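*Asks:* Residue numbers for the sequence shown follow full-length UniProt numbering, beginning at 1 and rising by one.
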Amino acid sequence: MSLKKFGITVLALIAIFVLYTIAFTEKGIKPIQPEATVPNLDYSALSEDAAKDLQAYIRIATIRGREKEGALFLKSILDKRGIPSRIIEYPGKPDRASLLAELKGKDTTKEGLILTSHIDVVEADAKDWDIPPFSGVRKGDRIHGRGAVDVKGLGIMQLYAFLLIHEKKIPLERNLMFLAIADEESRSEHGARFLVDKHKEIFNGYEYVWNEGGTGSKDIAIKGSKVFNIQLAEKGAVWLDLKAKSIPGHGSTPPVTYAAKSMVDFLQDVQNIGNKTMIKDETAAFFYSLGAISNFPDSFVLKRSRNPVLFLILKGVINSNRHLRAMTRNTVSLTGIDSQPIGMNVITSETTGSLDIRILPGQDEKKIFEEVKALGEKYGVEVSARHLESGSISPMDGLLFRVLAGTVTAVEPGSIAAPFLSPGTTDSSYLRQIGLKCYGLIPALLSSEEIDGIHGKNESMSVPQLKMGIEILFKAIIEYNHQVTK
């Protein structure tokens, strides 16, 4: 081949590649722009009332328990408005209780909408907090306390939207449920799993769930950005217990292998399970949404995250960010190791450990367990399963998702909505098992510091955030009922 022909061939290949790259664009989401007529309300005044109720709710220290006190508090608010409600207790543990209330729609047999949150909260060490975590103190426009964000704040937003639908006599095409659940923070045995198993009938006629799992954020993904991350998927969990045994010995004369060393060697190798980056449809759409508010060339790359060449560029960004890694990989975390030490110079006979492996939707939790188990056999480590759970996902074209995406951007101009895969699990993972389509969103813009307060210290929520949440919820419920019969 002549040099000229070779040059032409190279240029042609480059042209084909460029055209292919430009054409290879992922699909974004399809928000429904609000059409329904919504009453004009004083959301500022409403948020002041909601703030007082959130303060009182936080003061009920529902730390993995005492949910009935929280449920009775919520029930008292519903009672004052003449809305019937029902408390469901876990058998033998009446303190582990959930609450539900319903407003009936024209057609009660299908497409109902559930607003759900959990009553329980995680522990809080008061010495780490600037303000006592269960005091519910308000300073300026900010309410402090454990659960303000996760998720009593969401619960109060949902409750007020639910009350508004009732008080303003908004006609409902489909049923609307307010559901506050026990025990989400400890794998939902006394809450969602119990309701799904023993009270499945309460979900008859319902199709969609608005839960936690995603948040609005500002200045996090991109400086100046306002992003509402709507959770539609969450990872599964493979929780494993580990044990290695060997002959004990003297620390000065170590054998080639012994229990602690076998465990360490195994743990180094098992990390490779999380080395592969996988961008699924929902994550590709997430990157596409970020591309819509990014400058060139970032926008070009983000909108083409699965392009084989551009992926190599994006992969470097993913690898440098723990949140993006968690969204695109099966992750492996060592959450415990103990060699039962009895002396500095003693090699003990047994080492135990635990692994928290989070798997993407579509991955087989049993297959991964067997893979780790086989690897353990190679190193003499016994691997047993404590909990195996698959990931779950709801459709991006679901009506509620599209209504949420359109409503949040209408209420907050200049914001975007993005589909979000949650590395952690929520009650939605169990509700999806019975066919419900679940989406998670705390409908307020949170800073990185406010998000870090979730399960951390100095958790708080502002009154303007409550205001935004109530407005978004109320308008989205009305829009959903407008769209459901179209």
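Positions of the beta carbon are idealized from the N, C-alpha and C atoms, including for glycine. All values reported here derive from a predicted model rather than from experimental measurement.
#1: Can you tell me which residues form a DSSP beta bridge with His144?
#2: Would you check if the segment 406-421 and the segment 198-212 touch, i.e. whether three or more CB-CB distances between them fall below 8 Å?
#3: Check each candidate in Ile359, Glu371, Val403 and Leu375 and name the one with the smallest Cα separation from Glu389.
#4: Closest to Gly440 by C-alpha separation, out of Glu449, Gly456 and Arg402, would be which residue?
#5: In angstroms, rounded to a whole number, what distance separates the CA positions of Ile313 and Gly224?
#6: Keeping to the same chain, check which residues put their C-beta closer than 6 Å to that of Gly469; ignore five residues upstream and five downstream.
#7: How many Å lie between Lys261 and Ala148 at the Cα?
#8: Measure the CB-CB distance between residue 488 and Leu375 and report whether it falls below 8 Å.
#9: So, with DSSP's three-state summary, where would you put Ile337?
#10: If distances are taken between C-alpha atoms only, which option among Asp452, Glu123, Glu89 and Gln271 comes closest to Phe194?
#11: Just to confirm before moving on: does the CB-CB distance between Phe420 and Ile230 stay below 8 Å?
#12: What do you get for Asp79, buried or exposed, if any count of 16 or more other CB atoms within 10 angstroms of its CB means buried?
#13: Does the separation of the CB atoms of Gly274 and Val317 fall below 8 Å?
#14: Which runs of the alpha helix (DSSP H) at least 4 residues long sit entirely within the UniProt domain "Peptidase M20 dimerisation" (233-378)? Give them in chain order.
#15: Taking DSSP as the reference, what is the three-state secondary structure of Tyr480?
#16: Is Gln231 helix, strand or coil when you go by DSSP?
#17: So what does Glu382 bridge to, in DSSP terms?
#18: Can you name the residues that DSSP bridges to Leu113?
#19: Using the three-state DSSP reduction, which class does Arg81 fall into: helix, strand or coil?
#20: So for Tyr407, helix, strand or coil by DSSP?
#21: In whole angstroms, what is the alpha-carbon distance linking Met263 and Ile357?
#22: Considering only residues of the same chain and omitting the five flanking positions on each side of Thr425, which have a CB-CB separation below 8 Å?
#23: Quick test of your reading: Ile220 and Ile293, contact by CB under 8 Å. State the CB separation rounded to the nearest angstrom.
#24: Can you tell me whether Phe296 is buried or exposed? The criterion is at least 16 other CB atoms within 10 Å of its CB, across all chains shown.
#25: Between Ser186 and Arg64, is the Cβ-Cβ spacing less than 8 Å?
#26: Determine whether the beta carbon atoms of Val484 and Leu431 lie at a separation below 8 Å.
#27: Considering only the beta carbon of each residue, do Ile60 and Glu69 sit closer than 8 Å?
#28: Candidates Glu189, Ile202 and Ser289: which alpha carbon is nearest His118's?
#29: Classify Gln465 as buried or exposed, calling it buried when 16 or more other Cβ atoms lie within 10 Å of its own Cβ.
#30: Under DSSP, the beta strand (DSSP E) around Lys200 begins and ends at which residues?
#31: Which residues in the same chain as Tyr160 place their Cβ atom closer than 7 Å to its Cβ, once the five residues preceding and following it in sequence are excluded?
#32: Express the C-alpha separation of Leu164 and Phe474 in angstroms, rounding to a whole number.
#33: Could you work out which residue in Asp241, Val463, Lys457 and Leu99 is closest to Pro373 when comparing CA atoms only?
#34: Please name the residue in Ala36, Ile32 and Thr116 whose C-alpha comes closest to that of Ser428.
#35: For Pro255, I'd like the list of residues in its chain whose CB is within less than 7 Å of its CB, leaving aside the five on either flank, ordered along the chain.
#36: Considering only C-alpha positions, which residue in the set Glu412, Thr257 and Pro31 is nearest to Ile472?
*Replies:* Taking the structure as given:
#1: Ser460
#2: no
#3: Ile359
#4: Arg402
#5: 23 Å
#6: Met157, Pro443 and Ala444
#7: 44 Å
#8: It is not possible to answer for residue 488, since the shown part of the chain is limited to 1 through 486.
#9: strand
#10: Glu89
#11: yes
#12: exposed
#13: no
#14: 259-270, 281-291, 298-302, 308-319 and 322-328
#15: helix
#16: strand
#17: Lys243
#18: Leu176 and Tyr208
#19: coil
#20: Reading the sequence as shown, one finds Thr at residue 407 and not Tyr. Three-state result, Thr407: helix.
#21: 17 Å
#22: Glu234, Lys235, Gly236, Ala237 and Glu389
#23: About 12 Å separates the two Cβ atoms, so there is no contact after all.
#24: exposed
#25: yes
#26: no
#27: yes
#28: Glu189
#29: buried
#30: It is not in any beta strand (DSSP E) - Lys200 carries neither H nor E in the DSSP assignment.
#31: Leu46, Ala50 and Ile470
#32: 7 Å
#33: Note that residue 373 corresponds to Lys in the displayed sequence, not to Pro. The shortest C-alpha separation from Lys373 is found at Asp241.
#34: Thr116
#35: Gly249
#36: Glu412
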